[in-house]
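Visitor: Protein chains in written order, with the numbering used here: chain U, 1363 to 2043; chain C, 7 to 128.
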Amino acid sequence: MKKRTMFVQVAFYLPDIVFLYMLYLSYKKNIPLNDFVFLVGLIVCAVIKIFLHFSGFYYFFVRRVHNLSKNIQNLKQGKFVLPDIEFFGGGYLSDIHNEIVDLGKHLLKMTNSQKDEIDKYREVYNNIIYSSNSYFLVVNAQYEVLFVNKTFCSEFEFSQQALSGKKIKEVFLGQNEVLWNSIESVKKSGSEIILQKITLFANCRSRVFDIKISRVVVQGESQIVMVMENITDRIRKEYQISLINQITESIQRDEEIDRILFSILTAVTSGSGLGFNRAMLFTYNEELGEISGKMAVGPDSFEEAIQIWGAVQNENVDMVTRVSSYKVTSGIRGGRFYSDVVSSRFPVSSGNILVKCMTELHPKHVYDSWNDPEVDAEFRKFIDVREFVAVPLVAGNKALGVIVADNRFNNTPISRENIELLSIFAMQAAFSMESFTHLSSLKEQMEKIKSRQSAIVESEKMAAVGRIAAHIAHEIRNPLATMGLYAKRILQTIAKGQKNIDSIKHGADVIKLEVERLEKILSNVMDFTRLDTYIKEYHSINDVAEDTYNLLKNLFQERKITADIHLAEDLPLVKSDFNQLKQVMLNLIQNAMDASGENGLVQIETGLKDSKVYFAVKDTGKGISPENIPKLFEPFFTTKTNGVGLGLAVCKKIITDHGGEILARNKEYGGAEFIVEFPVT
Amino acid sequence: MTKILVVEDEQYQRELYALELKDEGYDVDQAANGKDAVELVKTNKYDLVILDIRMPEMDGIEALGKILSRDKKIPIIIYTAYSNYKSNFMTWTADAYVTKSSNLDELKNKIKEVLENRSKSK
C-alpha cells in the first residue's frame, strides 16, 4: 500500500513538475511566450493537472467515503472488526475513519464482555436448573419437549436425547385432562397456573407433583415452562396414615370382615402406583389343612392398570375416599386375577413358600421367583411374576393367613419400606380377622343371654301370676269349704230330726257371710285380672306361635320334651291383642308339657279350616277324663295338685272376647288336644 | 280319749271342725293361730294336731317346726286351702297334707289313718 501511495502521490505532482520545468525552460531559453507550442504545452499541462486533480479527488475522496459507509454498514451488521485501510493523507475524513475503526474496536470489546457475562450466567443458571431437585420441563408451542433437566430424567429414567422433540402427551401416559387443559390455558393467556397433587405416569413410573406452569416468549414463539415438585413421598405418607385410620375406624364400626380386608388390600395397592400393583390374601383352613385364596385386588393387565389409575386420577377426589369409591365402582372384583386367586388352593403338606411364610411367621421377599429354590413350580406358575413379597397375618402366636404383593405391571423394585408398610397392613388384617371372630362369638353369646333373659323374665312373670293365682285360690277355697260344711251341717241337723233352730240359723248366717266374702274376693279377682283393655291389631298367629315357642324353647330342652311345630303358610291375619293371644298359647302349651311329661311330645299346629283360622296344641299325656271335659274351662277347675284353676278360664275369656272359640278333646291315640278357632273376617 | 288340737284362724271353720270331731268321739282343743298352738302343746299332750298354714302372728309352717322341736313324734296333719304347698319340703315332715273342701270326710279318714299308723308303729 505504501508503495502505491507514494507512486500516486508522485504522479499527482508530476504535472506540476512538468509545468514548472516548462516555465523554467521558457525562462531559461527565453522562449517567447506567445510561442504556440509552448502555450499548447502549458494548456496541456494545465488540463492534465486538472484531470489528475479531479480523478485524484474522485479516487481518494469518494473511495474514502465509500469505505467509511462500508465500515458503518459493517458496524450495523455487528462486524466490529473492520478492515484496516490506511488512508493516506490526513484530512477530517481520515479522522472520521479512525474514529469509526476505534468505535468498531470498542463495540467489539463491549459485546465480547457482555457475551462473556451472558455465557457465565447462562452456565450458572443451566447448572442450577439442570441439577436442581425440582423438575424442569420446557415444551414449545407444538408441545414438543425442548428441555428437561437431569432430575426429571433420572427420576423417570429417561435420557435427554430420548425426550428431546417428543410430544408431551407421549411422555406422560394416561388421562391427564387437567394438565393438558392447564397448559392450553397458560399458552393462550400467559398467566401462570399452579396445579396440586397431580399424578403423572411416565416410563412405567408414576409420581405425584405440584406443578407450576408458565409461559415465556422467546423470539416471538411461546414456550411453556413446567416446574414440578415431587411430593410423592409426602402424599404417600399422608395417604397411608389416613388409610390406617380408615381401616381402624371400620373395624371399630364393626363392618363386615370382607369389607375390611378388601379395603386393606386396596390400601396396599393404593390404586395410583404408590404401593404395590397387586395384593392377594390367603387364609389358612386348619380343618382342610390347606391355604386358599380369599381375596385379591389388582388389574388383570397393564392396559387395565393404566386405565384404572388414570380413571381414579380423574375423579379428582382425595386419596382416602378414592379407596372406598374405587372398590365399589371398579370391576376389579369380577376380574380374572380375582377369580384366579380365590380359586387357588395350596395344601399345607406342599411346603410351598406361603406355608413357609406362615410357619416361620416372617415376611418372605423373593427377588427372582424363577431361580429361587424356595419357590415351587406350581406357585411360580401361579404368581407369574419375578419379584414378590409374602407377609404372614399373625394373631397371637399363629398365622391366620398370608398377604402376597407384587409390582407386576410397573416392575418397581420392592423396597424395605414397602415391606414394612405391608407388614403394618398385614397386622391390621390379622387383628381385624381375630377381632371379627371374637366379636361374632361375643355377639352370639350376647344374643343368647338376651333371649334367655327375656325368657326368664317372661317365665318369672308367669310364675308370679301362678303365685297370685294360688293365693286367690286359697282365698276362695276357704269360704267355699266353710259354706259347704255349714250347709251339710244344716242338712244333717234336719235329717236327724233335731229341731235346733239356733244351730240352723247360725249355720245359715255363716253361709251368708261366707258368700258375701266370696263375692268380694271374686270381684277383687276380676279386677285383678281385668282383661277389658285389649289392643287389637291384625296379627299372624304364626308369629304368636313362634314367639311363644321361643319363650319355652329352653323349658322344652330342660324337661326333655319334644316340640313338633307345623305352621301353615299364607294364613289370613286375625284381629287380636298379640300379648293376650300369647298368654293363651303359653297356657295351653305349658299344660300340654305338664301332660306329656319327660320324653313326651307336644304338637303345635296352625292352619285354615272351614274358613276359620285355628291353632291347636296337642299332647301325649293321659288325656282328659270324660267327666272333666265340660268343666275344663270353668274358673278354679284344676286337676293339678299345684295348679291354680284359673288358666283355662282366662283363656276362654280372652278367646271369646276375640270372637273365637276354644275347645278341648281327647285325641284318637292318646293325649289331648286344645283347639282355638277364629272366624276369618 | 284321743286328744286332738285344731289350729285354724277362721273362727267358723274351727268351731265346726271341733264340733264335728267331737261328734266323732275325739277330745278337741282349739287354737286360733300358731302362737297359741305352740303354747297349748307345751302344757298339754295331744295325740294329733290339725294344722292350718295361713294364720296371723305365726303361720302353720313355723308352728310345725316349733311343735316338732318340742315333740318330734307328735302326729300332724296339715289341713289347708293351699294346694300348692304339697311338695314343700317343710310339709314332708308332717304326716299328711289335706286340702280343705266342703267335705270333711277326707280329713276324718286321714285322721283315722294317721292314728292307726302311729299306734301300729308303737
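Backbone N, C-alpha and C fix where the C-beta goes; we use that ideal spot for every residue, glycine too.
In the DSSP assignment, what residue or residues form a beta bridge with U:F1416?
Guide: BP columns for U:F1416 are empty, so no partner.
Visitor: If contact is defined by three or more beta carbon pairs under 8 Å, each pair taking one atom from either stretch, is the region 1802 to 1810 of chain U in contact with the region 1654 to 1665 of chain U?
Guide: no
Visitor: Check each candidate in U:S1496, U:V1703 and U:L1804 and name the one with the smallest Cα separation from U:N1592.
Guide: U:S1496
Visitor: Please name the residue, chosen from U:S1663, U:E1878, U:H1724 and U:W1732, that lies closest to U:D1772 on a Cα-to-Cα basis.
Guide: The identity of residue 1772 of chain U in the sequence shown is Asn, whereas the question assumes Asp. Closest by alpha carbon: U:S1663.
Visitor: Please state whether the Cβ-Cβ distance between U:V1906 and U:L1943 is less than 8 Å.
Guide: yes
Visitor: Can you tell me whether DSSP reads C:K106 as helix, strand or coil?
Guide: coil
Visitor: For U:G1763, count the other beta carbons within 10 Å of its own beta carbon; 16 or more makes it buried, fewer makes it exposed. Which is it?
Guide: buried
Visitor: Please tell me whether U:N2004 has its Cβ less than 8 Å away from any Cβ of chain C.
Guide: At U:N2004 the pLDDT is 47, less than 50, meaning the model places this residue with poor confidence and gives no usable figure here.
Visitor: Can you list, in chain order, the stretches of the beta strand (DSSP E) that have 3 or more residues and sit fully within the region 1859 to 1921 of chain U?
Guide: 1899 to 1901
Visitor: I'd like the list of long-range same chain contacts for U:V1756, defined as Cβ closer than 6 Å, with 5 residues on each side in sequence excluded.
Guide: L1723 and A1792
Visitor: Looking only at C-alpha atoms, which of U:N1862, U:K1391, U:L1643 and U:K1559 sits nearest to U:R1596?
Guide: U:K1559
Visitor: Could you give the first and the last residue of the continuous beta strand (DSSP E) run that contains U:G1763?
Guide: First-last of the beta strand (DSSP E) with U:G1763: K1760 to D1768.
Visitor: For chain C, is any of its Cβ atoms less than 8 Å away from the one on U:F1890?
Guide: Note that U:F1890 scores 49 on pLDDT, short of 50, meaning its location in the model is unreliable; the coordinates nonetheless yield the value given after this. Chain C, which has no Cβ nearer than 8 Å to the Cβ of U:F1890, makes this no.
Visitor: Looking at U:I1653: is its Cβ nearer than 8 Å to the Cβ of U:P1725?
Guide: no
Visitor: Give a yes or no on whether the minimum CB-CB distance between U:G1846 and chain C is below 8 Å.
Guide: yes
Visitor: When the Cα of U:I1530 is compared with those of U:F1563, U:S1553 and U:S1516, which residue comes out closest?
Guide: U:F1563
Visitor: Please name the residue or residues paired with U:E1967 in a DSSP beta bridge.
Guide: U:H1928 and U:A1978
Visitor: Residues in the region 79 to 90 of chain C with C-beta within 7 Å of chain U's C-beta atoms, listed in sequence order?
Guide: A87, Y88, S89 and N90
Visitor: Check U:M1795 in the structure and name its three-state DSSP category.
Guide: helix
Visitor: In chain U, what lies closer than 8 Å to C:Q19 by C-beta?
Guide: N1840, A1843, T1844 and L1847
Visitor: Mapping the DSSP letters down to three states, classify U:G1635 as helix, strand or coil.
Guide: Only weak support is given to the placement of U:G1635: the predicted model assigns it a pLDDT of 39, under 50, and the value that follows is read from those uncertain coordinates. In this structure, U:G1635 counts as coil in the three-state DSSP scheme.
Visitor: Can you say whether U:N1538 is buried or exposed, counting buried as having 16 or more other CB atoms within 10 angstroms of its CB?
Guide: buried
Visitor: Using the C-alpha atoms, what's the distance from U:F1918 back to U:I2016?
Guide: One alpha carbon belongs to U:I2016, the other to U:F1918, and they sit about 25 Å apart.
Visitor: Compute the beta-carbon to beta-carbon distance between C:G66 and C:T86, rounded to the nearest angstrom, for a pair I have assumed lies under 8 Å.
Guide: Going by Cβ atoms, the distance from C:G66 to C:T86 rounds to 7 Å, so yes, they are a contact pair.
Visitor: For U:R1621, count the other beta carbons within 10 Å of its own beta carbon; 16 or more makes it buried, fewer makes it exposed. Which is it?
Guide: Flag for U:R1621 reads exposed.
Visitor: Which complete alpha helix (DSSP H) runs does the region 1458 to 1526 of chain U hold, if anything under 4 residues is left out?
Guide: With a minimum length of 4 residues, the continuous alpha helix (DSSP H) runs that stay inside the region 1458 to 1526 of chain U are 1512 to 1518 and 1522 to 1525.
Visitor: Are U:F2040 and U:L1950 close, meaning C-beta to C-beta below 8 Å?
Guide: no
Visitor: Considering only residues of the same chain and omitting the five flanking positions on each side of U:G1959, which have a CB-CB separation below 7 Å?
Guide: Excluding sequence neighbours, U:G1959 sits near G1983.
Visitor: Just to check my reading of the structure: U:V1936 and U:I1903 have Cβ atoms closer than 8 Å, yes? What is that Cβ distance to the nearest angstrom?
Guide: 6 Å
Visitor: Determine, for C:S107, whether the minimum Cβ-Cβ distance to residues of chain U falls below 8 Å.
Guide: yes
Visitor: Please classify U:G1758 as buried or exposed, where buried requires at least 16 other C-beta atoms within 10 Å of its C-beta.
Guide: exposed
Visitor: Name the chain U residues that come within less than 8 Å of C:E16, Cβ to Cβ?
Guide: N1840 and T1844
Visitor: Just grab the DSSP bridge partners of U:F1563 for me.
Guide: U:L1535 and U:S1568
Visitor: Skipping 5 residues on each side, what residues in its chain have a beta carbon closer than 7 Å to that of C:D101?
Guide: P81, I82, I83 and V120
Visitor: With a floor of 3 residues, list each beta strand (DSSP E) that falls wholly inside the region 8 to 76 of chain C, ordered by position along the chain.
Guide: Taking only runs of at least 3 residues, the beta strand (DSSP E) segments lying wholly in the region 8 to 76 of chain C are 9 to 13, 33 to 37 and 54 to 57.
Visitor: So is C:R60 in contact with chain U if we call contact Cβ pairs under 8 Å?
Guide: yes
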